[in-house]
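Residue numbers (my numbering): 608 to 783.
Positions of the beta carbon are idealized from the N, C-alpha and C atoms, including for glycine.
These numbers come from a predicted model, not from an experiment.
Worksheet: the structure to be examined is printed underneath.
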Ligand SMILES: [Zn+2]
């Protein structure tokens with residue numbers, strides 16, 4: 608069984624300007640690369656809600672192009688993203704995959720042989736923390752992106768300044 612760190616993309620790895628999908632707006636968040644580099648013993652998996660697609664703000668192709676750019680930039684920095692799980696639906700669609708629903712984590716458990724009880728979820732929103740907890744992962748709220756706004760309501764195992772701080776905490780709290 609593999610251990611994974613599930614990571615929200617916008618506001619956690621890359622700057623979130625709201626429904627971000629244009630490559631010209633791509634900007635890594637400080638310490639994101641440094642943090643992810645510490646997590647070599649884990650499968651790194653992006654889990655992202657992209658309701659901008661369901662709302663008609665941009666196309667799935669736009670999402671893909673932008674996401675590929677993010678993954679490629681990380682790859683150039685020696686970081687392998689195993690897979691990106693994306694929910695393209697609008698909140699009103701009541702789909703099965705939108706965070707905080709745990710479908711994508713259960714999918715990863717099967718598809719990639721992940722032991723969720725030994726895995727972690729990092730995000731900048733309450734829904735990220737909630738999804739992680741509901742799937743049995745330890746969950747971290749980062750205070751980048753929307754993190755400061757979401758802090759009050761999120762029941763995280765740890766509140767991290769950024770991905771580097773989160774990665775250090777994961778390494779300290781991985782007791783397996
Ligand atoms: Zn969905």
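Inter-residue CB distance, residue i and residue j (contact presumed, cutoff 8 Å)
i	j	result
residue 693	residue 670	7 Å
residue 613	residue 652	5 Å
residue 623	residue 752	5 Å
residue 703	residue 650	With a Cβ gap of about 22 Å, residue 703 and residue 650 do not count as contacting.
residue 609	residue 750	Not quite, the Cβ-Cβ distance comes to about 28 Å (not below 8 Å), so this is no contact.
Candidates the options: closest to residue i by CA position
i	options	result
residue 676	751, 752, 780, 634	634
residue 637	618, 652, 631	618
residue 698	716, 765, 632, 663	663
residue 726	733, 742, 734, 718	742
residue 659	717, 724, 705	705
residue 680	620, 750, 757, 756	620
residue 644	775, 781, 780	775
residue 766	736, 608, 744, 781	736
residue 744	723, 716, 661, 780	723
residue 764	624, 770, 753, 739	739
residue 780	759, 695, 746, 731	746
residue 758	673, 672, 733, 777	733
residue 673	610, 629, 750	629
residue 640	778, 691, 687, 719	687
residue 756	647, 720, 777, 731	731
Cβ neighbour criterion (16 or more within 10 Å) applied to residue i
i	result
residue 683	exposed
residue 748	buried
residue 762	exposed
residue 713	exposed
residue 711	buried
residue 642	buried
residue 656	buried
residue 729	buried
residue 666	exposed
residue 708	buried
In chain order, what residues have a CB nearer than 6 Å to some heavy atom of ligand 1? Cβ atoms closer than 6 Å to ligand 1 belong to 694, 696, 702, 704, 705.
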